[in-house]
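Engineer: Let me begin by handing over the structure; questions about it come next.
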Amino acid sequence: MPEGAGLAVTLVTALVAGLARGFSGFGGALIFIPVASASLGPTVAAPLLMLVDNVLAVPMVPRAWARLGRAGLREIGTLVAGALLGAPLGTWVLTRGDPAALRWAMCTLVLAMLVLLASGWRYRGAERPWISVSVGALSGLFSGTAQMGGPPVVAYWLGGAIPAERVRANIVLFFAASGLISFFAYLAAGLLDTALLGIALTVAPAYATGLWLGARLFPLASEAQFRRACLGLIGLAGLIGLPVWDRLW
């Protein structure tokens, strides 16, 4: 369990990450991972967010499942097949990589994903199985390494001809399946233990509070305002998490 400044930083980051997630539906990992990796280390930060975010997101699954049709099941299935390939590789990178190098890579990835999200780029080509599997594998790789598998999937699905309601259901269910894959990958790698569970129980209330506040703030801001706010927080987290600031922790 982190102490002092490390614990305070982790709890505040969890609150802000949950706020962004509840406010915009994305960005939790991109905010939490770089900063938490600085205070806890990458091999704790990624499994910690996986536990907290996936458990707190369980209530979203039944409603999404109720809106899922055969087409949605096929769309999710191809991406999940790719995630099954990518997540174990990402977990291997997480457990074998040098912690400092991983943090540099994570922060660089955060800033790259920020550029992708801010650019508004979306894949607008035809949906093909091999493309879906590739996107799922890339998402699984990012999830296994740093729980940052969201942007590739969002950019892929939002640009197509899939109705918005089904896109939301697909994203919720894919992330639930991806989280389950990450759970077993982390379990096999020995990253889940009682110490991590203790930290998760400490962090979960702050993250849940952020989710609740974010959902309540959503009606008060325009879509442009809240997306700009979340993108700004993501960029700030990517910069704060860089190892160059270690002397401040």
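Okay, so the sequence shown: first residue is 47 according to the numbering used here, each after it adds one.
Backbone N, C-alpha and C define an ideal beta-carbon position, used for all residues, glycine too.
1) What are the start and end residues of the alpha helix (DSSP H) that includes Gly244?
2) Can you find the residues in the same chain that come closer than 6 angstroms, C-beta to C-beta, to Leu65, ignoring five residues on each side of it along the sequence?
3) Starting from Met106, trace the alpha helix (DSSP H) in both directions and tell me its first and last residue.
4) Where do the ends of the alpha helix (DSSP H) carrying Trp176 lie?
5) Count the other C-beta atoms from every protein chain shown that fall within 10 angstroms of the C-beta of Asp144, then say buried if there are 16 or more, exposed otherwise.
6) Which stretch, first to last residue, makes up the alpha helix (DSSP H) that contains Leu95?
7) Measuring only the C-alpha atoms, how far is Thr141 from Val98?
8) Express the C-alpha separation of Ala246 and Gly166 in angstroms, rounding to a whole number.
9) Within a Cβ cutoff of 7 angstroms, which residues of the same chain sit near Ser180, ignoring the five residues on either side of it in sequence?
10) Would the segment 216-229 count as touching the segment 150-162 if we require 3 or more Cβ pairs under 8 angstroms?
11) Measure the Cβ-Cβ separation of Gly182 and Phe188 and say whether it is below 8 angstroms.
12) Quick one, are the C-beta atoms of Leu230 and Met96 less than 8 angstroms apart?
13) So, Leu61 versus Ala252, is the Cβ gap smaller than 8 angstroms?
14) Quick one: Cα of Glu173 to Cα of Asn100, how far?
15) Around the C-beta of Trp29, are 16 or more other C-beta atoms found within 10 angstroms, so that it is buried, or is it exposed?
16) Give a yes or no on whether the C-beta atoms belonging to Thr89 and Ile77 are separated by under 8 angstroms.
17) Alpha carbon to alpha carbon, how far is Leu119 from Ala51?
18) Between Pro175 and Ala54, what straight-line distance do the alpha-carbon atoms span, to the nearest angstrom?
19) Give me the Cβ distance between Leu125 and Val199, rounded to the nearest whole Å; I'm assuming they're in contact under 8 angstroms.
20) Return helix, strand or coil for Gly281, following the three-state DSSP convention.
21) Grab me the residues of Leu102's own chain with a C-beta within less than 6 angstroms of its C-beta, minus the 5 sequence neighbours each way, in chain order.
22) Is Val249 buried or exposed, if buried means 16 or more other CB atoms sit within 10 Å of its CB?
23) Express the C-alpha separation of Pro265 and Val156 in angstroms, rounding to a whole number.
Structural biologist: Taking the definition as stated:
1) In the sequence shown, residue 244 corresponds to position 198, counting from 1. Its alpha helix (DSSP H) spans residues Thr240 to Leu263.
2) What you label residue 65 is simply residue 19 of the sequence shown in a count that begins at 1. Contacts found: Gly256, Leu259 and Gly260.
3) In the sequence shown, residue 106 corresponds to position 60, counting from 1. Met106 -> alpha helix (DSSP H) spans Met106 to Ala112.
4) To locate residue 176, count along the sequence shown from 1; it is residue 130. That run of the alpha helix (DSSP H) goes Pro175 to Ala192.
5) Position 98 of the sequence shown holds residue 144. Answer is exposed; the Cβ neighbour count stays below 16.
6) Reading the sequence shown from its first residue, position 49 is the one you call residue 95. Here the alpha helix (DSSP H) through Leu95 covers Pro88 to Leu102.
7) Within the sequence shown, the letter at position 95 stands for residue 141. Within the sequence shown, the letter at position 52 stands for residue 98. When rounded, the distance between both Cα atoms is 20 angstroms.
8) On the sequence shown, residue 166 is found 120 positions in, with the first residue counted as 1. On the sequence shown, residue 246 is found 200 positions in, with the first residue counted as 1. Cα to Cα, Gly166 sits roughly 34 angstroms from Ala246.
9) Looking up residue 180 in the sequence shown gives position 134. The residues are Gly128.
10) no
11) To locate residue 182, count along the sequence shown from 1; it is residue 136. To locate residue 188, count along the sequence shown from 1; it is residue 142. Taking 8 angstroms as the Cβ cut-off, Gly182 and Phe188 do not qualify as a contacting pair.
12) One-based indexing of the sequence shown puts residue 230 at position 184. One-based indexing of the sequence shown puts residue 96 at position 50. The residue you asked about is not Leu; residue 230 is Phe in the sequence shown. Taking 8 angstroms as the Cβ cut-off, Phe230 and Met96 do not qualify as a contacting pair.
13) Working through the sequence shown from its first residue, we reach residue 61 at position 15. Working through the sequence shown from its first residue, we reach residue 252 at position 206. The answer is yes: Cβ separation under 8 angstroms.
14) By 1-based counting over the sequence shown, the position of residue 173 is 127. By 1-based counting over the sequence shown, the position of residue 100 is 54. Looking at the two C-alpha atoms, the distance is approximately 27 angstroms.
15) Residue 29 is absent from the model: the chain starts at 47 and stops at 295.
16) Walking along the sequence shown from the start, residue 89 turns up at place 43. Walking along the sequence shown from the start, residue 77 turns up at place 31. Not in contact: Thr89 and Ile77 (Cβ atoms no closer than 8 angstroms).
17) For the purposes of this step, residue 119 is identified with residue 73 of the sequence shown, where counting begins at 1. For the purposes of this step, residue 51 is identified with residue 5 of the sequence shown, where counting begins at 1. If you take the alpha carbons of Leu119 and Ala51, they lie about 45 angstroms apart.
18) Residue mapping note: residue 175 aligns to position 129 of the sequence shown, counting from 1. Residue mapping note: residue 54 aligns to position 8 of the sequence shown, counting from 1. Roughly 45 angstroms separates the two Cα atoms.
19) Residue numbering aside, residue 125 sits at position 79 when the sequence shown is read from its first letter. Residue numbering aside, residue 199 sits at position 153 when the sequence shown is read from its first letter. With 8 angstroms as the limit, Leu125 and Val199 qualify as a contact, their Cβ atoms being about 7 angstroms apart.
20) For the purposes of this step, residue 281 is identified with residue 235 of the sequence shown, where counting begins at 1. Helix at Gly281.
21) Numbered from its first residue, the sequence shown carries residue 102 at position 56. Around Leu102: Ala254.
22) As a first step, residue 249 is located in the sequence shown; it is residue number 203 there, counting from the start. By the neighbour-count rule (16 or more Cβ atoms within 10 Å), Val249 is buried.
23) To locate residue 156, count along the sequence shown from 1; it is residue 110. To locate residue 265, count along the sequence shown from 1; it is residue 219. Their backbone Cα atoms lie some 27 angstroms apart in a straight line.
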